[in-house]
Amino acid sequence: MNRPNVSAMNDIEAIIRKMEDLRTTLGKLKDELQELPAKMGQEISDPAERLEAARYLYWMVPEVPSTVIGAGILGVNVYEMNRLLGPQRNQVQCEQCQSTIEFRSRSHLQSVVGEMRKYRKKGSVKYSEEGFTVLCDACQEALHEVWVREYEAECAERTARLEELAAMSYDEYLQTPEWLWNRQQHLELTNFRCQVCNKNRLLEVYHRSHRNRGQEGFSELIALCKKCHDLLQKESRLAKE
Ligand SMILES: [Zn+2]
Ligand SMILES: [Zn+2]
Numbered sequence: 147m148n149r150p151n152v153s154a155m156n157d158i159e160a161i162i163r164k165m166e167d168l169r170t171t172l173g174k175l176k177d178e179l180q181e182l183p184a185k186m187g188q189e190i191s192d193p194a195e196r197l198e199a200a201r202y203l204y205w206m207v208p209e210v211p212s213t214v215i216g217a218g219i220l221g222v223n224v225y226e227m228n229r230l231l232g233p234q235r236n237q238v239q240c241e242q243c244q245s246t247i248e249f250r251s252r253s254h255l256q257s258v259v260g261e262m263r264k265y266r267k268k269g270s271v272k273y274s275e276e277g278f279t280v281l282c283d284a285c286q287e288a289l290h291e292v293w294v295r296e297y298e299a300e301c302a303e304r305t306a307r308l309e310e311l312a313a314m315s316y317d318e319y320l321q322t323p324e325w326l327w328n329r330q331q332h333l334e335l336t337n338f339r340c341q342v343c344n345k346n347r348l349l350e351v352y353h354r355s356h357r358n359r360g361q362e363g364f365s366e367l368i369a370l371c372k373k374c375h376d377l378l379q380k381e382s383r384l385a386k387e
């Protein structure tokens, strides 16, 4: 296999290297994060204050594992920490509608924060000195509905365009950006060679079927040199134009 010798390939490799570096950095940051509750335990001498600090991390900073909070700040295991913290609930405000969201357990909190992260592009977990904010179920659902509607609109637009392509004359279709793109893709996939005789001159892409105009599958197209094309057309092996 030959590595494409173009600048875009260099860019792809550079970005992958950067992503690897970021992964390494992220791993280091996670390790550092795990060290800090112990440091916090040393910085706070009053046992009641230590308990409050553990409570804060437990409810407001879901990234720090429970085991690390218990061992680092309080010097106990998770069960003992849960006993010390007592039955708890945590309330935060929805960043959009300001309604109160109640978390009854840390796993519930972590799942909501994880869910928010998945939608990072359009609304993520926001951290500030007052803690983090998330969206309530209703606001998440509303956001989701907007995305679904956007997606459906895109699909409808695509369907309408495919119908338009199907209705136009063949000559007209050959001028469309869709065909120029699909033709180019097919030439690239076939290494710019005739699929019958392997010659790389006077190539054109032809249809073997017109069923999926605009989104032709690989087997519905064929790249041919002029000679092979004329031969196949004589034998009626190609779709009528
Ligand atoms: Zn809300
Ligand atoms: Zn040929």
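Its first residue numbered 147, the sequence shown is counted upward by one per residue in the numbering used here.
From the three backbone atoms N, C-alpha and C, an ideal C-beta is built for every residue, glycine too.
For this session: Determine the burial state of Trp327: buried for a count of at least 16 other Cβ atoms within 10 Å of its Cβ, exposed for fewer.
Result: The residue is exposed, with fewer than 16 neighbouring Cβ atoms inside 10 Å.
Exercise. According to DSSP, what are the bridge partners of Thr213?
Worked result: Partner residues in a beta bridge of Thr213, as assigned by DSSP, do not exist.
Problem set entry | In DSSP terms, what Gln237 is bridged to | For Gln237, which the question treats as bridged, DSSP gives the partners Glu248.
Exercise. So Gly216 and Met227 are in contact, right, with Cβ under 8 Å, and what is the actual spacing, rounded?
Worked result: Between Met227 and Gly216 the Cβ distance is about 4 Å, and since that is below 8 Å, they are a contact.
Problem set entry | Three-state class that DSSP yields for Ala306 in the structure shown | Reduced to three states, the DSSP call for Ala306 is helix.
Problem set entry | Alpha-carbon to alpha-carbon, Val214 and Asp177 | Within the model, the alpha-carbon separation for Asp177 versus Val214 is close to 11 Å.
Exercise. To which residues does DSSP link Ile368 through a beta bridge?
Worked result: Per DSSP, the beta-bridge partners of Ile368 are Tyr352.
Problem set entry | Per DSSP, the bridge partner or partners of Val342 | Per the DSSP secondary-structure output, Val342 pairs with nothing in a beta bridge.
Exercise. Within 10 angstroms of its Cβ, does Leu203 collect 16 or more other Cβ (buried), or is it exposed?
Worked result: With at least 16 other beta carbons inside 10 angstroms of its own, Leu203 counts as buried.
For this session: Report the rounded CA-to-CA distance for Gln180 versus Gly260, giving the unit in angstroms.
Result: The straight-line gap separating the alpha-carbon atoms of Gln180 and Gly260 is approximately 19 Å.
For this session: Output the distance between the C-alpha atoms of Glu362 and Arg329, rounded to the nearest integer angstrom.
Result: Going from the Cα of Glu362 to the Cα of Arg329 covers about 9 Å.
For this session: Run the proximity test for Asn344: is its beta-carbon closer than 8 Å to any non-hydrogen atom belonging to ligand 2?
Result: Result yes, Cβ under 8 Å from ligand 2.
Exercise. Should Gln242 be counted as a contact of ligand 1 given a C-beta to heavy atom distance under 8 Å?
Worked result: Checking the 8 Å criterion, the Cβ of Gln242 is within range of a heavy atom belonging to ligand 1.
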